[in-house]
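Going letter by letter, the sequence shown gives residues 3 to 192 in our numbering.
Taking it in order: structure first as structure tokens, then the write-up.
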Amino acid sequence: MTFEPSKEGNRLVDLITELEGVSRDDFEDRFVSPCLLQVPVEGAFEELAGGDKQTAAFAKGNAASTMHMSLKDLEGLKRSRNVDQALVHFMPDQEVVVVGRSPDGDLVLSATGVSRRHAEFRRSLGNWLLVDLESHNGTFINGNKLEPGHPTAVLDKQNLWFGSYRALFLYPEQIFNLVTNLRKKARSQQ
């Protein structure tokens, strides 16, 4: 596998072609740590805005309305400019991963309201904890603001916010499934 993750993130649509022919086992051997699937703002994923209040608010960029968005919702999306904007940040295989705007961080999140050293992920006994590093605009898990300096457990498929940057926290098998399903969807539409 020649794919190299970037700490600034990789476009989700690029992963569809770059990981063509890669087996699940090879992917999961290479990527052992979770990743962040960025959910773009400003009308992103308009395909979800099907008429109910929650999805309509999501399409308008209301971060709180994304709390119930699931990976299943993303799997059925048509390729669009909104999917083109989605980024995947692969976390490096290390015990502490610092996220923020700073190019010196482990993951660089380029979004309004993200502090230079916004938060950090800590691996502890096979689990992941998220710690807000006294960021200006806060760190949230499923809409709940974290107390700065207090580690909080993060689970697969949870929604995270770092300022205006929002993402799904996904384990490698979930991102592999998503990329595989999007590839199948793209082929069926050709």
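Just so it is clear, CB atoms sit at the ideal spot from N, CA and C, and this is done for glycine as well.
Computed from a predicted model, the values in this text were never measured in an experiment.
Member of the options whose CA lies at the smallest distance from the CA of residue i
i, options, result
"VAL156", "VAL34, PRO105, LEU132 and LEU14", "LEU132"
"ASP158", "ILE143, SER166 and VAL100", "ILE143"
"GLU30", "LEU14, PHE92, LEU39 and PHE123", "PHE92"
"LEU39", "ARG32, ASP106 and LEU17", "LEU17"
"GLN87", "ASP106, PHE178 and LEU14", "LEU14"
"ASP28", "SER190, GLN191, ARG189 and PHE178", "PHE178"
Contacting residues, own chain, Cβ-Cβ under 6 Å from residue i (five flanking each side not counted)
i, result
"ASN12", "VAL90"
"SER82", "Residue confidence for SER82 is low, a pLDDT of 45 falling below 50, so the modelled location carries little weight; the figure read from the coordinates is stated next. For SER82, where only same-chain residues beyond five positions count, there are no Cβ hits under 6 Å."
"GLY140", "LYS147"
"GLY115", "ASN139, GLY165 and SER166"
7 Å Cβ shell around residue i - same chain, five flanking residues per side excluded
i, result
"GLU20", "PHE5"
"ALA113", "GLY165, SER166 and TYR167"
"LYS9", "ASP108, LEU109 and VAL110"
"ARG118", "GLY102, ARG103 and SER104"
Buried or exposed by the 16-neighbour rule on C-beta atoms within 10 Å, applied to residue i
i, result
"SER162", "The amino acid occupying residue 162 in the given sequence is Leu; Ser does not appear at that position. Label assigned to LEU162: buried."
"ASP134", "buried"
"LEU127", "exposed"
"GLU136", "exposed"
"HIS152", "exposed"
"PRO150", "exposed"
"GLU22", "exposed"
8 Å Cβ shell around residue i - same chain, five flanking residues per side excluded
i, result
"VAL34", "ASP95 and PRO174"
- Message: Is it the case that the region 97 to 107 contacts the region 170 to 186, given that we only count it when at least three CB pairs across the two stretches are under 8 Å?
- Response: no
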